[in-house]
Amino acid sequence: MQRATASGLLRTRSWIGGQAWLVLGPVATAAAFIAILWWGRYLHENIRIAAILFIILFGTVGTFLGNRVRGWPAIEAHVATARRSWASMNGWRYVGQRTVDDAVIGLVLPRGWVVKHTIAAIEGSLEGRDARIETWALGSAPGSKRRPSRREVVELAASTGTARLVAIRGGSTIDPTLVQPKWVSPGEFGTAPVSFSGDAEAYERWGEEI
Numbered sequence: 001m002q003r004a005t006a007s008g009l010l011r012t013r014s015w016i017g018g019q020a021w022l023v024l025g026p027v028a029t030a031a032a033f034i035a036i037l038w039w040g041r042y043l044h045e046n047i048r049i050a051a052i053l054f055i056i057l058f059g060t061v062g063t064f065l066g067n068r069v070r071g072w073p074a075i076e077a078h079v080a081t082a083r084r085s086w087a088s089m090n091g092w093r094y095v096g097q098r099t100v101d102d103a104v105i106g107l108v109l110p111r112g113w114v115v116k117h118t119i120a121a122i123e124g125s126l127e128g129r130d131a132r133i134e135t136w137a138l139g140s141a142p143g144s145k146r147r148p149s150r151r152e153v154v155e156l157a158a159s160t161g162t163a164r165l166v167a168i169r170g171g172s173t174i175d176p177t178l179v180q181p182k183w184v185s186p187g188e189f190g191t192a193p194v195s196f197s198g199d200a201e202a203y204e205r206w207g208e209e210i
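Under the UniProt record's numbering, the sequence shown has 18 at position 18, and the numbering climbs by one with no breaks.
Rendered as structure tokens:
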């Protein structure tokens, strides 16, 4: 699916760039404010006060407009337009904002985040299986220091039906960055650590092969 922004393409770090407008505006305003306090010693008091008020006003308005034009709201609008167009051309349905299944959240979302809402969700069928594409607006969970973020999520129904079996195999169960989903729980087959979540009967039948 084509990803769109004002230039027609959603770049890899577009969400990060969009978030930067919330930081750049206040930083630039603070820098200008400090500069005018320093150089303002040589200006008439009325001129210095007028300059300070202008900087505050310009910084506030500039931050607001920059966020609207290049920030997350603008990117969300472009993504919604692109997905709505793609859905109509490919027989999918545009949903927009919806409630996310808690089971899906627990399966894919790293610890420390919560889903605030979804953005530009579309639903359809891929090779006979139900599929969904959407963006999650993430916020910090209670007690976490995660920053607000956006994540693209693609969901495809398993060909095995309702049984769910997921395993992660690796050389270490240590997760210092807390990027593993909440469902991951360490187990072992032989000397290779395995993390597993899913249907117990399917696990008993296929665990060794996995």
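Built from N, CA and C at the ideal position, the CB exists for glycine as well. Here the structure is a predicted model, which means the values were calculated and not measured.
Looking at the DSSP output, R129 sits in a beta bridge with L126. Ranked by Cα distance from L156, the options T135, R150, S140 and E127 are led by E127. Within the stretch 14-91, the complete alpha helix (DSSP H) segments of 4 residues or longer fall at 14-39, 45-70 and 72-89, listed in chain order.
For V153, the uninterrupted beta strand (DSSP E) run begins and ends at S149 to L156, by DSSP. Collapsing the DSSP output to three states places L138 in a strand. For G96, the enclosing beta strand (DSSP E) starts and ends at R93 to G96. In the three-state reduction of the DSSP assignment, V115 falls in the strand class. Only buried fits E134, as 16 or more other CB atoms lie within 10 angstroms of its CB. The beta carbons of G139 and A87 sit no closer together than 9 angstroms. In this structure, R147 is the residue among A158, A131, R147 and V154 with its C-alpha nearest to the C-alpha of Q19. In this structure the stretch 47-60 touches the stretch 20-33; the number of beta carbon pairs closer than 8 angstroms is three or more.
Minimum Cα-Cα distance from A131 among the listed residues P142, V61, S149 and N90 corresponds to N90. Sixteen is the threshold: since fewer than 16 other Cβ atoms of the shown chains lie within 10 Å of the Cβ of H117, the residue is exposed.
Among the bridge pairs identified by DSSP, A120 is matched with none. Distance from the CA atom of L109 to the CA atom of S85, rounded to whole angstroms, is 28 angstroms.
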